[in-house]
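Each remark here refers to the structure printed beneath this line.
Have a look at this one:
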(Lines of atoms letter the chains of each structure in order from A; the text may use other names.)
(Lines give C-alpha, C1' and ligand atoms only; values in the text may rest on other atoms or scores of the structure.)
Protein backbone atom coordinates (compact mmCIF):
# COMPACT_ATOMS: atom_id res chain seq x y z
CA UNK A 196 0.00 0.00 0.00
CA UNK A 197 1.24 3.48 -0.88
CA UNK A 198 2.04 5.65 2.14
CA UNK A 199 0.71 9.14 1.48
CA UNK A 200 1.86 10.55 4.83
CA UNK A 201 5.04 12.19 3.56
CA UNK A 202 3.36 13.49 0.40
CA UNK A 203 0.58 15.03 2.50
CA UNK A 204 3.15 16.67 4.80
CA UNK A 205 4.88 18.08 1.74
CA UNK A 206 1.55 19.46 0.54
CA UNK A 207 1.12 21.12 3.94
CA UNK A 208 4.56 22.75 3.64
CA UNK A 209 3.81 23.91 0.10
CA UNK A 210 0.45 25.32 1.20
CA UNK A 211 2.11 27.17 4.10
CA UNK A 212 4.56 28.86 1.75
CA UNK A 213 1.73 29.74 -0.62
CA UNK A 214 -0.17 31.42 2.24
CA UNK A 215 2.89 33.51 3.15
CA UNK A 216 3.34 34.60 -0.47
CA UNK A 217 -0.37 35.37 -0.81
CA UNK A 218 -0.25 37.47 2.36
CA UNK A 219 2.48 39.57 0.77
CA UNK A 220 0.61 39.83 -2.53
CA UNK A 221 -2.51 41.07 -0.76
CA UNK A 222 -0.57 44.11 0.43
CA UNK A 223 -0.56 45.35 -3.15
CA UNK A 224 2.43 46.23 -5.28
CA UNK A 225 3.44 49.20 -3.08
CA UNK A 226 3.33 47.29 0.21
CA UNK A 227 5.14 44.06 -0.61
CA UNK A 228 8.24 43.20 1.40
CA UNK A 229 10.35 42.28 -1.63
CA UNK A 230 13.04 40.33 0.20
CA UNK A 231 10.44 38.40 2.21
CA UNK A 232 8.38 37.36 -0.80
CA UNK A 233 11.53 36.44 -2.76
CA UNK A 234 12.70 34.27 0.14
CA UNK A 235 9.42 32.38 0.18
CA UNK A 236 9.40 31.97 -3.59
CA UNK A 237 12.75 30.20 -3.20
CA UNK A 238 11.58 28.15 -0.22
CA UNK A 239 8.50 27.09 -2.16
CA UNK A 240 10.76 26.02 -5.03
CA UNK A 241 12.66 23.76 -2.63
CA UNK A 242 9.49 22.16 -1.29
CA UNK A 243 8.17 21.64 -4.82
CA UNK A 244 11.45 20.05 -5.91
CA UNK A 245 11.38 17.58 -3.00
CA UNK A 246 7.72 16.79 -3.64
CA UNK A 247 8.23 16.18 -7.35
CA UNK A 248 11.25 14.01 -6.66
CA UNK A 249 9.23 11.79 -4.33
CA UNK A 250 6.35 11.57 -6.79
CA UNK A 251 8.67 10.78 -9.70
CA UNK A 252 10.78 8.20 -7.86
CA UNK A 253 8.20 6.45 -5.70
CA UNK A 254 4.55 7.33 -6.25
CA UNK A 255 4.21 7.40 -10.03
CA UNK A 256 6.34 4.30 -10.78
CA UNK A 257 4.17 2.27 -8.38
CA UNK A 258 0.96 3.55 -9.94
CA UNK A 259 2.14 3.11 -13.53
CA UNK A 260 2.31 -0.66 -13.01
CA UNK A 261 -1.21 -0.79 -11.59
CA UNK A 262 -3.61 -3.25 -13.16
CA UNK A 263 -6.18 -0.43 -13.15
CA UNK A 264 -6.04 1.29 -16.54
CA UNK A 265 -7.85 4.39 -15.23
CA UNK A 266 -5.14 4.85 -12.59
CA UNK A 267 -2.37 4.49 -15.18
CA UNK A 268 -4.07 7.02 -17.47
CA UNK A 269 -4.60 9.47 -14.61
CA UNK A 270 -0.96 9.19 -13.55
CA UNK A 271 0.29 9.78 -17.10
CA UNK A 272 -1.88 12.89 -17.31
CA UNK A 273 -0.56 14.15 -13.94
CA UNK A 274 3.04 13.55 -15.02
CA UNK A 275 2.55 15.52 -18.23
CA UNK A 276 0.71 18.41 -16.55
CA UNK A 277 3.11 18.69 -13.63
CA UNK A 278 6.11 18.72 -15.93
CA UNK A 279 4.77 21.88 -17.52
CA UNK A 280 3.83 23.47 -14.19
CA UNK A 281 7.22 22.66 -12.67
CA UNK A 282 8.92 24.21 -15.68
CA UNK A 283 6.75 27.33 -15.43
CA UNK A 284 7.46 27.66 -11.70
CA UNK A 285 11.21 27.35 -12.30
CA UNK A 286 11.04 30.20 -14.80
CA UNK A 287 8.95 32.24 -12.34
CA UNK A 288 11.35 31.51 -9.47
CA UNK A 289 14.41 32.43 -11.53
CA UNK A 290 12.75 35.68 -12.53
CA UNK A 291 11.73 36.70 -8.98
CA UNK A 292 13.97 34.88 -6.48
CA UNK A 293 15.66 38.09 -5.31
CA UNK A 294 13.90 41.24 -4.18
CA UNK A 295 15.95 43.39 -6.55
CA UNK A 296 14.52 41.44 -9.50
CA UNK A 297 11.00 42.40 -8.39
CA UNK A 298 11.78 46.05 -7.65
CA UNK A 299 10.44 48.37 -10.31
CA UNK A 300 8.06 45.81 -11.75
CA UNK A 301 5.90 45.10 -8.72
CA UNK A 302 2.62 45.29 -10.65
CA UNK A 303 3.76 42.70 -13.19
CA UNK A 304 5.13 40.55 -10.38
CA UNK A 305 1.83 40.60 -8.45
CA UNK A 306 -0.09 39.62 -11.58
CA UNK A 307 2.29 36.78 -12.48
CA UNK A 308 2.57 35.59 -8.89
CA UNK A 309 -1.20 35.40 -8.49
CA UNK A 310 -1.48 33.32 -11.67
CA UNK A 311 1.31 30.99 -10.55
CA UNK A 312 -0.07 30.57 -7.04
CA UNK A 313 -3.52 29.84 -8.45
CA UNK A 314 -2.10 27.14 -10.74
CA UNK A 315 -0.19 25.52 -7.87
CA UNK A 316 -3.22 25.57 -5.57
CA UNK A 317 -5.39 23.96 -8.25
CA UNK A 318 -2.80 21.25 -8.82
CA UNK A 319 -2.47 20.44 -5.11
CA UNK A 320 -6.24 20.37 -4.76
CA UNK A 321 -6.51 17.98 -7.72
CA UNK A 322 -3.93 15.68 -6.15
CA UNK A 323 -5.61 15.80 -2.74
CA UNK A 324 -9.16 15.27 -4.00
CA UNK A 325 -8.34 13.21 -7.08
CA UNK A 326 -5.27 11.02 -7.14
CA UNK A 327 -4.62 10.74 -3.40
CA UNK A 328 -8.32 10.17 -2.74
CA UNK A 329 -8.40 7.31 -5.25
CA UNK A 330 -5.23 5.80 -3.76
CA UNK A 331 -6.91 5.74 -0.33
CA UNK A 332 -10.25 4.56 -1.70
CA UNK A 333 -8.74 1.68 -3.69
CA UNK A 334 -6.19 0.91 -0.97
CA UNK A 335 -3.31 1.02 -3.45
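Numbering (our numbering), first residue to last: 196 to 335. We put the CB at the ideal spot given by N, CA and C, even for glycine.
Report back the beta-carbon spacing between residue i and residue j to the nearest angstrom; my notes put them in contact at under 8 Å.
i: residue 205; j: residue 242; result: 6 Å
i: residue 259; j: residue 270; result: 6 Å
i: residue 335; j: residue 196; result: 7 Å
What span of residues does the alpha helix (DSSP H) with residue i cover, start to end?
i: residue 230; result: 229 to 249
i: residue 208; result: 200 to 220
i: residue 305; result: 301 to 321
i: residue 278; result: 264 to 291
i: residue 295; result: 294 to 297
i: residue 333; result: No alpha helix (DSSP H) holds residue 333; DSSP gives it neither H nor E.
Residues in its own chain within less than 8 Å of residue i by CB, not counting five upstream and five downstream?
i: residue 298; result: 229
i: residue 305; result: 220, 223, 224, 227
i: residue 199; result: 327, 330, 331
i: residue 333; result: 263, 266
For a cutoff of 8 Å on Cβ pairs, would you count residue i as touching chain C?
i: residue 220; result: Although the question refers to chain C, the structure presented lacks it and comprises just one protein chain.
Once the 5 residues before and after residue i are set aside, which same chain residues still bring their CB inside 7 Å of it?
i: residue 302; result: 224
i: residue 244; result: none
i: residue 255; result: 270, 274
i: residue 212; result: 235, 238, 239, 242
i: residue 316; result: 213
i: residue 210; result: 319
i: residue 201; result: 249
i: residue 257; result: 197
i: residue 215; result: 235
In its own chain, which residues sit with a C-beta less than 6 Å from the C-beta of residue i, not counting the 5 before and 5 after it?
i: residue 292; result: 233, 236, 237
i: residue 250; result: none
i: residue 308; result: 220
Going by the beta-carbon positions, is the gap between residue i and residue j smaller than 8 Å?
i: residue 146; j: residue 217; result: Here the chain has residues from 196 to 335 only, and residue 146 is not among them.
i: residue 349; j: residue 277; result: The structure shown does not extend to residue 349, since the chain is modelled only from 196 to 335, so the question has no answer here.
i: residue 288; j: residue 296; result: no
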